[in-house]
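Residue numbers (my numbering): 104 to 829.
All C-beta atoms in this analysis are idealised placements derived from N, C-alpha and C, irrespective of residue type, glycine included.
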Amino acid sequence: MKYMKNAMKKLKVMKNVKKKMKKMRKKSKINKMKMKKMKNAMKKLRIMKNKNLLRLQRRLDARLVVSRHPSLRRLLRRTRLLGRVPLNPKPNFNFKDGKALRDAASAAITQVWREARSQTSALAHRINEDNASLSSKLNESFTAVGSQLEAIPTIAMLAQDSPSPKIAPFTGSSEDGVQFSIWLRRLNDIIRMHPSELSSEQKANFLIGHLDGVAREKVEELDEGARKSFDAVVTHLRNFFESPQQRYVARQKLSVCKQEPGEAAANRVLNLVRSATAGQDPATQKDRVLEEFVSRLRGDIRYFVKLDNPASFEQAVTKAQMVEQLLSEATAERLISPEHRSNSPATAARRTYLSGSVLQLRRTWSPCYSLPVSVSPSICEFRVSDADLDEIVTAISRSNVSCAMRFSEFPASKEAQRTLCALVRNFLPAHPEEGLLPLRVFKLTRSEREWINDRAGNFDNYRAHPRSAQQYMAQLFNAACLALAAVNHMNDEDEERTHMLDAVIPDIEAFPFRFDFTLADMSSECGWTNQRPVYLWIVGSRSLLRTIIQQAVHSFEDRSIAVRLVVPAWAHRYAVRATARRARTRDNVTTVRVCVRLAPPPFGAEPLYELISQSQLFGEFPENSQATAVLNAIYGQQRIEAGPDGPQHENVSVSVGGRSFTLREDQVAALRMSERRLPILAIQAAFGTGKTVVGALIAARTFSKFQERVIATTSTNTAVAQLTDT
């Protein structure tokens, strides 16, 4: 109510101001009318003057006869009547009448001039008085209105901040390498863009508000008065962050700075050089930046940049970017291979996928995996149609070595270029991180198939030779984990691609809201599986939707994936509105233009496959360990020696999160079994029956009683979190 009253007061004041402005406009109109009257009066005076002269001319015509006397002619020229008076060559002239006429004419003209001058002066004086009074009244009214507006209390209003440039907080950390003077220059630029001049205290507050970490703590060393001075805060921070010690640290970092593959090192080198050469001449800093940047470049890029001999840092950056782009294009076209230092040998195992006339292989490495490749039938020693899904094949691959090639000039002809590329293919390195094509692909021989079938069959020889069997099991299990890791990695191939297509709306009034579309040229699922989250943007809308794949069907024949997305309940209304505004209906089919992209999958324990493949787990177990006992029980079918029964517990109370409760009989029985030191303990129960609580209690009691390390593995990270929290 208070705000409403203030608003009504403001409205009344504005109405009064409008009324006064209207009155002032009326007065200005009146003044304009007076000016117009004055002009009309001046015209009338001119007309009266002309009339008097005409009367005088008529008198002259009636009473006088113009003679040729010189004095009379001079009089007529003065009165400008000579051209209007007809001259008589033989006049009867009286000199006394001429003199009287001259005096009368002069007196009449003088009188008319004086009357016009007096009237004009009076009118001008009156206009000046009216203008002065009007100005004084306007000033008084403006002063009264201003005092009334200032007397109105100010109402706090919440409004959106005006867009202004952003600046990252200065932390003083040596990791980012940003020099304080460079950061302060950017801050001063933003302060100068403020619409009003800021005081020293306001500048200091603005500076302190953009500090964080060590820099913010350094401000606390100043007293209350110094923190209100912008110059004092700047001087204190500059003395610390641009001290000789900080320059020494920057020089040490610059000495070990090297460009990593795929890294944009220009800004990092520039910041380090500025920090290391703080206080030096700008020309010296520019030369040092150029020298350090070229020397810190990657080896293959540095050679070409030095060959161009750039004169400035900007030219060196431009040349390095161009060389890096050309090298990446050559790598993509298999003309060269980037340097790599991995010495992991490649196995002959391949994972095969069929799609039309192209064979897709997954290279399996130990202890890591690589990207999938599509193999042309021309390098296969068999018909692609004879290959089965998930079949293992062998291939001749290039050796895993590091090399670099430079050519002094281009090949002489296209044929020479093809010959040179064919020769280079034989010794270019093959790396796990690259999907390079093999040289030749073969079917497995009969002995190889028998060996694989034997390894994939039952472990009948485990009892006779347990240690050697464990070593073979380690190799086979590592290969299996590699294949699982490769499949998981292949399923995320399409995660970084965005597809723009037309989606079909089955029913715009249905709940949940659905989008149907088909992805073309998809050799495999590539991550488009059921329950996978997908980002969806309706082209032209303002928001992004996170949908779920309800159904995804992959077709090997036409290499397509039919996908149906479901919008969650919280975004249903927005999806309906956005689709209704931008959808098109033709032949009773409603379509809308959308962009879709795979979202990151839910977190899980999938990296476990990679960890197992990198370790020879089964070959390093001691004979008296629990792991060996588990292998003997499962694969050697040996009886597990159980420990003595522990004490009988009838009532066991447990406190979890400050809440105490008593275990049931089946839970107590499971707890008793854990005290018999069994290597494997299976607990089967329904959802919500307390399996996590019993498992956490068993782990805690085992560790506290036997002082042994307990390792818990689950299928998801969520289950691990629940177990550790319990």
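{"Asked": "Could you give the residue range of the beta strand (DSSP E) that holds Pro636?", "Found": "636-641"}
{"Asked": "Give me the Cα-Cα distance between Arg687 and Thr694, rounded to the nearest whole angstrom.", "Found": "5 Å"}
{"Asked": "What whole-angstrom Cβ distance do Phe306 and Phe343 have, given they're in contact under 8 Å?", "Found": "Per the sequence shown, the amino acid found at residue 306 is Lys instead of Phe. Not really, about 19 Å apart at Cβ, beyond 8 Å."}
{"Asked": "In the DSSP assignment, find the unbroken beta strand (DSSP E) run with Ala623 in it and report its ends.", "Found": "617-623"}
{"Asked": "Please report how far the alpha carbon of Ala329 lies from the alpha carbon of Cys360, in whole angstroms.", "Found": "38 Å"}
{"Asked": "Where does Cys360 fall in DSSP's three states?", "Found": "coil"}
{"Asked": "Based on DSSP bridge pairs, tell me the residues matched to Arg687.", "Found": "Thr694"}
{"Asked": "Using a Cβ-Cβ cut-off of 7 Å (strictly less than) and excluding sequence neighbours within five positions of Thr805, which residues of its own chain qualify?", "Found": "Ser777, Glu811, Val813"}
{"Asked": "Please confirm whether Ile664 and Trp631 have their CB atoms less than 7 Å apart.", "Found": "yes"}
{"Asked": "Based on the DSSP secondary-structure assignment, which residues constitute the bridge partners of Met425?", "Found": "For Met425, which the question treats as bridged, DSSP gives no partner whatsoever."}
{"Asked": "Measuring straight from C-alpha to C-alpha, what distance separates Ala672 and Asp610?", "Found": "16 Å"}
{"Asked": "Measuring only the C-alpha atoms, how far is Arg289 from Ile270?", "Found": "8 Å"}
{"Asked": "On the CB-based measure, 16 or more other CB atoms within 10 Å of its CB, does Arg229 come out buried or exposed?", "Found": "exposed"}
{"Asked": "Excluding sequence positions up to five away, which residues of its chain have a Cβ less than 6 Å from the Cβ of Glu618?", "Found": "Before going further, note that residue 618 is Phe rather than Glu in the sequence given. Cβ neighbours of Phe618 beyond the five flanking positions: Ala606, Leu668."}
{"Asked": "Assuming Lys121 and Ser244 form a contact by the criterion Cβ under 8 Å, report the distance between their Cβ atoms to the nearest whole angstrom.", "Found": "Lys121 to Ser244, Cβ: 12 Å. No contact."}
{"Asked": "Do you know how far the Cα of Leu781 is from the Cα of Gln741?", "Found": "13 Å"}
{"Asked": "Of the residues Ala583, Arg570, Gly249, which one's Cα is nearest the Cα of Pro725?", "Found": "Arg570"}
{"Asked": "Tell me, please, which residues DSSP counts as bridged to Val670.", "Found": "Bridge partners of Val670: none, in fact."}
{"Asked": "Just grab the DSSP bridge partners of Asp605 for me.", "Found": "Arg696"}
{"Asked": "By a C-beta neighbour count over all protein chains shown, 10 Å radius and 16 as the cutoff for buried, is Met603 buried or exposed?", "Found": "exposed"}
{"Asked": "Rounded to whole angstroms, how far is the Cβ of Val797 from the Cβ of Gln770, which I believe are closer than 8 Å?", "Found": "5 Å"}
{"Asked": "With DSSP run on the structure shown, which of helix, strand or coil describes Ser658?", "Found": "strand"}
{"Asked": "May I have the straight-line CA-CA distance separating Arg292 from Lys331, to the nearest angstrom?", "Found": "A small correction: the amino acid at residue 292 is Asp; Arg does not occupy that position in the sequence shown. Those two C-alpha atoms are separated by around 20 Å."}
{"Asked": "Can you tell me which of Ala227, Phe545, Glu218 puts its alpha carbon nearest to the alpha carbon of Lys140?", "Found": "Ala227"}
{"Asked": "Report buried or exposed for Pro541, applying the criterion of at least 16 other Cβ atoms within 10 angstroms of its Cβ.", "Found": "buried"}
{"Asked": "Is it buried or exposed, Met625, if we count other Cβ atoms within 10 angstroms and call 16 or more buried?", "Found": "buried"}
{"Asked": "Do you know offhand how far Leu310's Cα is from Ser302's?", "Found": "12 Å"}
{"Asked": "Mapping DSSP to helix, strand and coil, what is Gln653?", "Found": "strand"}
{"Asked": "Taking all protein chains shown into account, do 16 or more other C-beta atoms lie within 10 angstroms of the C-beta of Trp737, making it buried, or fewer, making it exposed?", "Found": "Reading off the sequence shown, one finds Ile at residue 737, where the question assumed Trp. Flag for Ile737 reads exposed."}
{"Asked": "What are the residues that DSSP puts in a beta bridge with Ser763?", "Found": "Ser758"}
{"Asked": "Just how far apart, CA to CA, sit Leu185 and Ser209?", "Found": "With a pLDDT of 41 at Leu185, under the threshold of 50, the modelled position of this residue cannot be trusted, and the question is left open."}
{"Asked": "Taking the C-alpha atoms as reference points, what is the distance between Ala702 and Pro636?", "Found": "5 Å"}
{"Asked": "With distances taken from CA atoms, which of His313, Leu325, Arg696 is nearest Thr682?", "Found": "Arg696"}
{"Asked": "Buried or exposed for Val426, please, with buried defined as at least 16 other CB atoms from any protein chain shown within 10 angstroms of its CB.", "Found": "buried"}
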